[in-house]
Structures are given as C-alpha cells and as structure tokens.
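Presented below is the structure to which this report refers.
Residue numbers (our numbering): 849 to 1171.
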C-alpha cells in the first residue's frame, strides 16, 4: 500500500543513529531477524546499505492487531511490512485516530529488511468515545512512520492501516463501554485466601458520587456475572464448577451508596503446572458481565501486583491441597 505524500518532520536536523548503527552491524556481519516480534524491546536493526533520498520508492503496508499479552499490558501492535526492494530504516512511529485521546508513540530505531515484517508494540491510551455509537466498525488508525533520509532529515510517511482481525474495533467498543461503567462505579478485586482447596477473591464495587461524564447519561449499572480465568475455574454457590459466577449487584447513580459493596467469590485451580503459573499473562484478569441501561458488555478487571502475588500463592496452595 503506497503511502500518501510525506511532510517533513519537525526534526529537520535528523538523526543518523540508524545509518551509523546499520553500518557498524554490516561491518561486523550482523543482521537482524526478519520475522515479527511482539516484545517491548526494539527489534535488532538490520544493515541498511544507504538511506533513501526521498520516500518516493518506499512501499509499505501496515496493520494493527493485539497479541495474547496485550490485554494485560493494555497494548497494541503496529505491524509494518516492507514491500520495497531495499531495507527500510525507521526512527520511530505513531498511531493516530480521532478515537484516541492522544497519539500512540514509539521512538526508537528499527530496520525492516526488504520483504520482511516488523511488529512495533505500542501502549494504548484512554479512548475518545463518540457521543453515541455509530453502528459501524470504526476506521483503523493511521500509521505515521518516521523515516530518516540521506540528507540527514527525518520525514513522516503516513500509511493507512488495516484492522487485521477486528481487534481495534473490539478494543474501541469495549474501552468505551468500560469508560462509561467506570464513570459510575469503580471495580477492583483483592485476594481473600482460600480454604478446602479453593481460592477466595473479593469483588469490590465502589459507586461513584456526583454527575457522570458521558454526555449526561445516568443509567443504572447491573453487575451480572464474573467469569473464570485460564488459571482459576469459577465455582457456584454449591461449590460446583460453573461457566461463571452469577451476580446481583445494582448501582443507581441517582442514589449511590456510600460504602463499597464487597462480593465474595470462589474459584478452583484450572492449571497447576508450574510453567502455566510462571508464564501467566491472563490468569488474574477478571471479566465482569455488566448491563448499563440497555447496553451490555464486559469489563476486565486487571489485578494489581500485590493481588497477583497473593492469587498465585493461593493457587499454589490449593493445587498442593488437591494433590
């Protein structure tokens, strides 16, 4: 996908770090991996024979998607494919959208060999939600690639992105729903020990006081269920395995309670192997089914570090008790 004509970036002096580093790597006979990477560390630069005089011959395609760990770190991947005949050096990249409260930025060097794809991890920000849902999938964000040129300047190459498997649209919808819920209630979880081979968790609901901010709406919040996780299987009131734990919590912003509402929950181990716990990415994310007026959706509660450690300890103890 050929990008639109670029405009010079503000840093007219440019940086030559990419060229210098690439030359050093070329002299040492080192090359970067041509495959995609999903880590937060920048990809190892590959050699660049020469920086381009302009972006006229640059051909790239860009997509956005989310890896399995992006939900936990609130991230998204900008996947850039170099369809040109020469390696493409980047000084950084941005994602811009009217649905973002600020542009997503990644400022570091990367080199994409000809024909290769690089994933550039970025951290999402608060959404800028429309006053009312439009009823169609939102447009994917625009990528802005910072390309160093042979004259020492850095230019911006704007590239439309494709929402690879609909995860951008899903994030916008879920983030805006969660934002509307958060204007009415604060949801959190804390560990509550365990007994009899089970793991205790408390869902804490703190109603918000004062007017809500999503353009005057004040719908009643109903918490309907909590799902299990990849590590924790939900238990019903009888202690039997269930798809989710039903809830009956109602918060009316017109007459909120002062004290927090605490709901005890019980889980049993889904996984007990050490590898699953050590490599866990989503085992302490709790998804709550919520109704907000006539709208329904899911709000994900991310456990804080102390709660994570307490849950891992309770899971380990429960697994040992069930051996």
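Glycine included, each C-beta is placed from N, C-alpha and C at the ideal position.
(message) Between which residues of its own chain and residue 1042 is the CB-CB distance below 7 Å, once the five residues before and five after are set aside?
(response) 1048, 1162, 1165 and 1166
Between the alpha carbons of residue 1007 and residue 1039, how many angstroms are there, rounded? When rounded, the separation of the alpha-carbon atoms in residue 1007 and residue 1039 is 45 Å.
Can you give, in chain order, each stretch of the beta strand (DSSP E) that sits fully within the stretch 1084-1129 and has at least 3 residues? 1092-1099 and 1109-1117
State the start and end residues of the unbroken alpha helix (DSSP H) segment that holds residue 1068. Membership of residue 1068 in any alpha helix (DSSP H) is not indicated, and neither H nor E is assigned to it by DSSP.
Specify the secondary structure class of residue 918 as computed by DSSP and reduced to three states. helix
| query | Can you give, in chain order, each stretch of the beta strand (DSSP E) that sits fully within the stretch 945-1002 and has at least 3 residues? | reply | 952-954, 958-960, 965-971 and 990-996
| request: Rank 1156, 1127, 1004 and 1045 by C-alpha distance to the C-alpha of residue 1036 and give the top, closest one. | output: Relative to the Cα of residue 1036, the nearest Cα in the group 1156, 1127, 1004 and 1045 belongs to 1156.
Margin query: Comparing C-alpha positions only, which one of 1160, 908, 1120 and 1012 sits nearest to residue 914?
Written below: 1012
Inter-residue spacing [alpha-carbon to alpha-carbon] between residue 951 and residue 1146: 25 Å
Practice item. Starting from residue 1134, follow its DSSP beta bridges and name the residues at the other end. Key: 1149
Please tell me whether residue 985 and residue 910 are closer than 8 Å, where the distance is taken between their beta carbons.
no
Inset, instruction - Report the three-state DSSP secondary structure of residue 1009 (helix, strand or coil). - result: strand
Residue 930 vs residue 961 beta-carbon contact at 8 Å = yes
Check whether the Cβ atoms of residue 975 and residue 943 lie closer than 8 Å to each other. no
Cβ-Cβ distance between residue 959 and residue 998 below 8 Å:
no
- Query: Cα-Cα, which of 904, 1138, 1119 and 1088 is closest to residue 1130?
  - Reply: 1119
_C-alpha distance - residue 1148 paired with residue 993, whole-angstrom precision_ = Cα to Cα, residue 1148 sits roughly 32 Å from residue 993.
- Task: Can you give me the Cβ contacts of residue 1124 inside the same chain, cut-off strictly under 8 Å, excluding the 5 residues immediately before and after it?
- Result: Closer than 8 Å at Cβ, skipping near neighbours: 1078, 1079 and 1131.
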